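Asks: According to the numbering used here, the stretch in the sequence shown is residues 6 to 103, in order.
Beta carbons are placed, not taken as given, at the ideal position from N, Cα and C, and that holds for glycine.
The structure displayed is predicted, hence computed values, not measured ones.
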Amino acid sequence: AYVETAFGPFVGWITGVLLWLTGTTAVAAVATIFADNVGRLIPEFSGGVGRILLLLAVLVFLTAVNVRGVKQGARLNAVSTVVKLAPLLLLAVVGVFA
């Protein structure tokens, strides 16, 4: 909206399209890297149908959380933050004594 106001409707439209493409590409890149890493841990998900089923399951799960509401989304965010930070904390504690 700011770009459209400052530079006109065409430049605003181009900016919106580029922003949408950037967001879509970023989500696709994260999903691809996620699927690659899960495929390394669990070989059944490394290619073809397994990879598609994995990404579909994640999409359905996140959609279900989103449909349930903000409270469940915030809870999932808090849980995922703890899950991400716990190994780092463990590494720091073990590193202090090593």
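Can you tell me where the alpha helix (DSSP H) with Pro48 in it begins and where it stops?
Replies: Residue numbering aside, residue 48 sits at position 43 when the sequence shown is read from its first letter. Taken as a continuous stretch (DSSP letters only), Pro48 belongs to no alpha helix (DSSP H), as it is neither H nor E.
Asks: Please report how far the alpha carbon of Ile57 lies from the alpha carbon of Glu49, in whole angstroms.
Replies: Position 52 of the sequence shown holds residue 57. Position 44 of the sequence shown holds residue 49. Spanning the two alpha carbons is a distance of roughly 11 Å.
Asks: Taking three-plus beta-carbon pairs below 8 Å as touching, is the stretch 84 to 96 in contact with the stretch 57 to 69?
Replies: Output reads no: the stretch 57 to 69 does not touch the stretch 84 to 96.
Asks: Pick out whichever of Leu46, Gly17 and Ala40 has its Cα sitting closest to the Cα of Gly53.
Replies: Within the sequence shown, the letter at position 48 stands for residue 53. When only C-alpha atoms are compared, the closest one is Ala40.
Asks: Less than 9 Å between the C-beta atoms of Val75 and Ala36, yes or no?
Replies: Within the sequence shown, numbered from 1, the residue matching residue 75 stands at position 70. Within the sequence shown, numbered from 1, the residue matching residue 36 stands at position 31. No; because the gap between Cβ atoms is not below 9 Å, this pair is not in contact.
Asks: Measure the Cβ-Cβ separation of Leu59 and Gly44 and say whether it is below 9 Å.
Replies: The count along the sequence shown starts at 1 and reaches residue 59 at position 54. The count along the sequence shown starts at 1 and reaches residue 44 at position 39. Yes, they are a contact pair.
Asks: By how many angstroms is the C-alpha of Thr20 removed from the C-alpha of Glu9?
Replies: Your numbering for residue 9 matches position 4 in the sequence shown. Your numbering for residue 20 matches position 15 in the sequence shown. Computed Cα separation, rounded: 9 Å.
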